[in-house]
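Sequential numbering from 1 applies to the sequence shown in UniProt numbering.
Step one of this worksheet: look at the structure below.
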Amino acid sequence: MAQTSFAFDDLSAPLPASPCRAPTGHWVVDTDFQTGYGIGWDHARHGLLPPQRHLLPGNPLRQGWQAGRRAFAGRTRPAHAEVQTWLQLRIEAWEQGLVFEDLLVTPHFLKQLGATHCPVSREPLNGQAHVVRLNQAAGYAAGNLAGVCDRVAKALPGITGPSALAAARQASTSEDGLFRQLSSEEWARLAGLVWLATPLPHEDAAQLPLRALPPNRVRVLNPIQGLQVWLTLQMELDGWSQRLNRLAERLPEASRLAFRVFVGGFLPRVWQSGRPVDAETLKQRLEDAWADARVLRRWQHFALQLSAAQTERLLCNALSLGVSGRRMQQHAAAGATDGWALESGGRTEPRVRARVQFRPMLRRKPSTASV
């Protein structure tokens, strides 16, 4: 995918540094101002009015928008739905002090997140998806974003995998079967998605069910879950048995029986009501098969026999065999979370500033040369 930055790329109108005089005799360059100014500038570039709350005098976003209106008068770019989502997400990140990785997260990238159904509620999205961060301790970055329905988007802030499971238990014991407008099954699927985007110890990740398959462009950070996804996706089209047999041949001999026992227990849960009539129904059957306690126990028995290093090698072998009708791209561990800002919980440094020393010019006294 092309890595293109859409921010501050018009050389005819350079971004001002917005200096303000500090009492210590320095100029202070506020990058928080630059971020807001750039968002306003891109609103003007696409002929869009910023939200009313950012149109007050002195607001950096308003200043960027006003400057952009002068620069782009009569030559704005189209404001497609993905452009509007892109600008909205940048505003959300700016307001919350969260990192927005603008090298990969572009309107083109957001268009690729499109899905017909919410991966959590399973209801049709009808073009009304809310793009959210799955890992709430990471920023707005490629691999951490997915489109969900309105109910899920409202329930997600602050949620982790364990807290989502706790919410599932609360929903199962409530009178209406809901907790914060989500059912127990929906909370379980949300927990599954959050875990896919959360770095976990190998032993912990190996014990989790795959209650929700990763939406397009979501990065599966834990290798054992990547193997879990690959195995599940094999059932989508014909030829799965040949691919699974080829993978079994590459397993350590001691693990082959546990692998075949898992596959033998998983398949009946998928096909027990006959062949699904459409891809969405098959996807839901594959996810629901992981809710069976016996399937999970058989998976855990197999997965916990593999070390982290063995899983890495096995996943490489699996990916070389392909995935029916899909493309899975492997990222190096060091670069899989580039731009996520996991070390700071997804947050930017508070009002990061660079100080540049200045020296006021001294007026020279007139020379008094003698004749």
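Glycine is no exception: its CB is placed at the ideal position from the N, C-alpha and C atoms.
Keep in mind it's a predicted model, so treat the numbers as computed, not measured.
Simplified DSSP assignment, three categories, for Ser184: Position 184 of the sequence shown holds residue 184. DSSP places Ser184 in helix when its eight states are reduced to three.
Quick one: what does DSSP say Arg21 is sitting in, helix, strand or coil? As a working note, residue 21 is residue 21 in the sequence shown. Any reading at Arg21 must be qualified, since the residue scores a pLDDT of 35, below 50, and its modelled position is unreliable; no value is offered.
Touching by the beta-carbon criterion (3+ pairs, under 8 Å), the stretch 153-168 and the stretch 241-257: no
Within the same chain, show all residues whose beta-carbon is closer than 7 Å to that of His54, passing over the 5 residues directly before and after it, in chain order. To locate residue 54, count along the sequence shown from 1; it is residue 54. Result list for His54: Leu61 and Arg62, in chain order.
Using a Cβ-Cβ cutoff of less than 6 Å, which residues in the same chain neighbour Gly339 once the five nearest sequence positions on both sides are dropped? In the sequence shown, residue 339 corresponds to position 339, counting from 1. Counting only Cβ-Cβ distances below 6 Å, and skipping sequence neighbours, we find Glu101 and Ala141.
Just to confirm, are Leu244 and Gln225 a CB contact at a threshold of 9 Å? Within the sequence shown, the letter at position 244 stands for residue 244. Within the sequence shown, the letter at position 225 stands for residue 225. In this structure, Gln225 does not lie closer than 9 Å to Leu244 by Cβ.
Using 9 Å as the threshold, is the C-beta distance between Thr106 and Gly161 below it? One-based indexing of the sequence shown puts residue 106 at position 106. One-based indexing of the sequence shown puts residue 161 at position 161. Contact: no.
Would you identify the three-state DSSP class for Leu315, choosing helix, strand or coil? Along the sequence shown, read from residue 1 onward, the residue named residue 315 stands at position 315. Residue state, collapsed to three classes: helix.
Within 10 angstroms of the Cβ of Trp94, are there 16 or more other Cβ atoms? Answer buried if so, exposed if not. Locating residue 94 in the sequence shown gives position 94, where the first residue counts as 1. Counting Cβ neighbours within 10 Å, Trp94 comes out buried, since at least 16 surround it.
In angstroms, rounded to a whole number, what distance separates the CA positions of Gln207 and Val120? For this step, residue 207 is matched to residue 207 along the sequence shown. For this step, residue 120 is matched to residue 120 along the sequence shown. Cα-Cα distance, rounded: 20 Å.
Restricting to Cα atoms, I'd like to know which of Leu110, Ala341, Ala168 and Ala212 is closest to Ala81. By one-based count along the sequence shown, residue 81 stands at place 81. Looking at the Cα atoms, Leu110 is the closest of the given residues.
Could I get the ranges of all uninterrupted alpha helix (DSSP H) runs contained in the stretch 162-222, with 4 residues as the minimum, in chain order? 184-196 and 202-205
Out of Ala205, Ala248 and Trp271, state which residue places its alpha-carbon closest to the alpha-carbon of Gln284. Counted from its first residue, the sequence shown places residue 284 at position 284. Comparing Cα-Cα distances from Gln284 to each of Ala205, Ala248 and Trp271, the minimum goes to Trp271.
So, with DSSP's three-state summary, where would you put Phe72? Here residue 72 refers to the residue found at position 72 when the sequence shown is read from its first residue. Of the three classes helix, strand and coil, the one that applies to Phe72 here is coil, per DSSP.
Measure from the alpha carbon of Gly143 to the alpha carbon of each residue in Val218, Trp230 and Arg180, then state which is nearest. To locate residue 143, count along the sequence shown from 1; it is residue 143. Out of Val218, Trp230 and Arg180, Val218 has the C-alpha closest to the C-alpha of Gly143.
Give the range of the alpha helix (DSSP H) segment to which residue 415 is assigned. The chain is shown from 1 up to 371; residue 415 falls before or after that span and cannot be answered.
From the DSSP output, in three-state form, read off Val28 for me. Sequence index remark: in the sequence shown, residue 28 carries index 28 (1-based). Caution applies to Val28, whose pLDDT of 37 falls short of 50 and renders its modelled position unreliable; the model cannot decide the point.
Residues near Ala168 by beta carbon distance below 6 Å, same chain, minus five either side: Within the sequence shown, the letter at position 168 stands for residue 168. Excluding positions up to five away in sequence, the list reads Ser184, Trp187 and Ala188.
Nearest-angstrom Cα distance between Arg75 and Thr85? Against the sequence shown, residue 75 aligns to sequence position 75. Against the sequence shown, residue 85 aligns to sequence position 85. Their backbone Cα atoms lie some 21 Å apart in a straight line.
Opening and closing residue of the alpha helix (DSSP H) in which His108 lies: The residue labelled residue 108 in the question sits at position 108 within the sequence shown. Its alpha helix (DSSP H) spans residues Pro107 to Lys111.
Short check: CB of Pro276 to CB of Leu267, under 9 Å? Within the sequence shown, numbered from 1, the residue matching residue 276 stands at position 276. Within the sequence shown, numbered from 1, the residue matching residue 267 stands at position 267. Not a contact, by the Cβ cut-off of 9 Å.
Looking at Gly346 and the ligand ATP, is the gap between the Cβ and the nearest heavy atom below 8 Å? Looking for the ligand ATP in the displayed structure turns up nothing, as the structure carries no ligands at all.
Measure the beta-carbon distance from Gly38 to Gly64 and round it to whole angstroms, keeping in mind my assumption that it falls under 8 Å. Here residue 38 corresponds to residue number 38 of the sequence shown, with the count starting at 1. Here residue 64 corresponds to residue number 64 of the sequence shown, with the count starting at 1. Going by Cβ atoms, the distance from Gly38 to Gly64 rounds to 6 Å, so yes, they are a contact pair.
Assuming Ala308 and Pro215 form a contact by the criterion Cβ under 8 Å, report the distance between their Cβ atoms to the nearest whole angstrom. Reading the sequence shown from its first residue, position 308 is the one you call residue 308. Reading the sequence shown from its first residue, position 215 is the one you call residue 215. Contact doesn't hold; Cβ gap of about 25 Å is too wide.
Would the beta-carbon of Arg211 fall within 9 Å of that of Ala291? Residue numbering aside, residue 211 sits at position 211 when the sequence shown is read from its first letter. Residue numbering aside, residue 291 sits at position 291 when the sequence shown is read from its first letter. In contact: Arg211 and Ala291 (Cβ atoms closer than 9 Å).
What's the C-alpha gap between Val131 and Leu314? Position 131 of the sequence shown, counted from the start, is the residue given in the question as residue 131. Position 314 of the sequence shown, counted from the start, is the residue given in the question as residue 314. Computed Cα separation, rounded: 32 Å.
I think His46 touches Arg77, with their Cβ atoms under 8 Å apart; what is that distance to the nearest whole Å? Within the sequence shown, residue 46 is the residue found at index 46, counting from 1. Within the sequence shown, residue 77 is the residue found at index 77, counting from 1. Their Cβ separation, rounded to whole angstroms, is 5 Å, which keeps His46 and Arg77 in contact under 8 Å.
For Thr24 and Phe33, what's the separation of their Cα atoms in angstroms? Position 24 of the sequence shown, counting from 1, holds the residue named residue 24. Position 33 of the sequence shown, counting from 1, holds the residue named residue 33. Residue confidence for Thr24 is low, a pLDDT of 36 falling below 50, so the modelled location carries little weight and cannot support an answer.
One question on the structure: do Gln330 and Cys316 come within less than 9 Å of each other, judged by their Cβ atoms? Locating residue 330 in the sequence shown gives position 330, counting from the first residue. Locating residue 316 in the sequence shown gives position 316, counting from the first residue. Taking 9 Å as the Cβ cut-off, Gln330 and Cys316 qualify as a contacting pair.
Following the continuous beta strand (DSSP E) through Leu297, name the residue where it begins and the one where it ends. The residue labelled residue 297 in the question sits at position 297 within the sequence shown. The residue you asked about is not Leu; residue 297 is Arg in the sequence shown. It is not in any beta strand (DSSP E) - Arg297 instead sits in the alpha helix (DSSP H) that spans Ala293 to Ala303.
Per-residue burial, residue 391 [other beta carbons within 10 Å of its own, 16 or more giving buried]: Because the chain spans 1 through 371 in this model, residue 391 falls outside it and cannot be assessed.
Comparing C-alpha positions only, which one of Ser273, Ala279, Leu231 and Asp288 sits nearest to Val263? Here residue 263 corresponds to residue number 263 of the sequence shown, with the count starting at 1. For the residues Ser273, Ala279, Leu231 and Asp288, the minimum Cα distance to Val263 belongs to Leu231.
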